[in-house]
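*Asks:* Numbered per the numbering used here, the sequence shown spans residues 2 to 244.
First the structure, which I've put down as structure tokens, then a few questions once you've had a look.
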Amino acid sequence: MTSCPTLDDPAPTARRDRRLAALGPVAQLRAGRLPRRLGQLAVGLTLYGVTLAMVIRATLGNSPWDVLHQGLARYLPMSIGTAVIVMSLLVLLLWIPLREQPGLGTVANSFVVGLVADRALAVLVAPDELWLRVLLLVGGVVLNGLATALYIGSQFGPGPRDGLMTGLHRRTGLPVGVVRTGIEATVVALGWLLGGVVGLGTLLYALAVGPLVQLMLPWCVVELNDGSRAARPRRGRPSPRPR
């Protein structure tokens, strides 16, 4: 006779895994809960594009990568959102020698964030009052942490810049903090030389977004079907940083 499952002995089909999993592109679609995960991915990426515009319109210093995006937009016939998309695609090319595997979220990130950012920049206006600019900056940074946790928690793969960081970490053996700092210092220097805005916002973003994502991510990770062969926890990889 087969015993009935109890609360202490849940049925295998009911168990789910809330940890970030190493999912390939096909496995991501087989891991279940697609409506919830796709919706969360869309909300996260849309919010990310809006917060990018909020930080830029605060005019107190952009996030490290957006210093470069703004610098490129000053010198090339493209908008900041287009610069985001172009850089995302260029960074994805660097995934090839690093043998990183893009997911649905990786591809969506490459396009959605830039498109939304341009729309938001067309609507938002830089405030004249300093306190409003500070409020816009702080709100943008905090909501950016939430946006990042949402799209990472949907379990459709990291953003292009996340994969570059984790790929270099795996290939070089350097601590992820060293790799991240090296990448961000490089893009800030290049962006500043091109005319991108560096300031308080750059420092605040660099120091605050990582801890904010770590704080919010446990609440945003979507549980995967326990029966999915792909739902294996990540090992030997750090939690992704934004984009």
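Cβ atoms here follow ideal geometry from the backbone N, Cα and C, with glycine treated the same way.
For residue 74, name the three-state secondary structure that DSSP assigns.
*Replies:* helix
*Asks:* Under the assumption that residue 114 contacts residue 46 (Cβ atoms under 8 Å), give the Cβ distance between them as a whole number of angstroms.
*Replies:* 6 Å
*Asks:* When you compare the CB positions of residue 164 and residue 101, do they come within less than 8 Å of one another, or not?
*Replies:* yes
*Asks:* How many angstroms separate the CA atom of residue 122 from the CA atom of residue 213?
*Replies:* 24 Å
*Asks:* Could I get the ranges of all uninterrupted alpha helix (DSSP H) runs contained in the stretch 90–157, with 4 residues as the minimum, in chain order?
*Replies:* 105–124 and 131–154
*Asks:* Grouping DSSP H, G and I as helix and E and B as strand, with all else coil, what is residue 198?
*Replies:* coil
*Asks:* Assuming residue 166 is part of the alpha helix (DSSP H), what are its boundary residues?
*Replies:* For residue 166, the uninterrupted alpha helix (DSSP H) segment begins and ends at 161–173.
*Asks:* Taking buried to mean at least 16 other C-beta atoms within 10 Å of its own C-beta, is residue 21 buried or exposed?
*Replies:* buried
*Asks:* Can you tell me whether residue 38 is buried or exposed, with buried defined as 16 or more other CB within 10 angstroms of its CB?
*Replies:* Residue 38 should be labelled buried.
*Asks:* Taking only the alpha-carbon atoms, compute the straight-line gap between residue 172 and residue 196 and give it to the nearest angstrom.
*Replies:* A straight-line Cα-Cα distance of about 32 Å links residue 172 and residue 196.
*Asks:* With DSSP run on the structure shown, which of helix, strand or coil describes residue 24?
*Replies:* coil
*Asks:* In the DSSP assignment, the alpha helix (DSSP H) including residue 176 goes from what residue to what residue?
*Replies:* Counting along the chain, residue 176 falls outside any alpha helix (DSSP H), and DSSP gives it neither H nor E.
*Asks:* Can you find the residues in the same chain that come closer than 7 Å, C-beta to C-beta, to residue 154, ignoring five residues on each side of it along the sequence?
*Replies:* 41, 218, 221, 222 and 223
*Asks:* Using a Cβ-Cβ cut-off of 6 Å (strictly less than) and excluding sequence neighbours within five positions of residue 96, which residues of its own chain qualify?
*Replies:* 164
*Asks:* Considering only residues of the same chain and omitting the five flanking positions on each side of residue 98, which have a CB-CB separation below 6 Å?
*Replies:* none
*Asks:* Look up residue 60 in the DSSP assignment and say whether it is helix, strand or coil.
*Replies:* Here residue 60 carries a coil assignment [DSSP, helix/strand/coil].
*Asks:* Can you check which of these residues, 110, 215 and 175, is closest to residue 162 by C-alpha distance?
*Replies:* 110
*Asks:* Just the Cα atoms here: how many angstroms apart are residue 126 and residue 29?
*Replies:* 39 Å
*Asks:* Distance check for residue 160 and residue 14, CA to CA, integer angstroms please.
*Replies:* With a pLDDT of only 40 at residue 14, under the threshold of 50, the placement of this residue in the model should not be trusted; the figure read from the coordinates follows. Those two C-alpha atoms are separated by around 31 Å.
*Asks:* Quick one, which of 61, 178, 54 and 24 has its alpha-carbon nearest residue 131's?
*Replies:* 61
*Asks:* Tell me whether the beta-carbon of residue 188 lies closer than 8 Å to the beta-carbon of residue 93.
*Replies:* no
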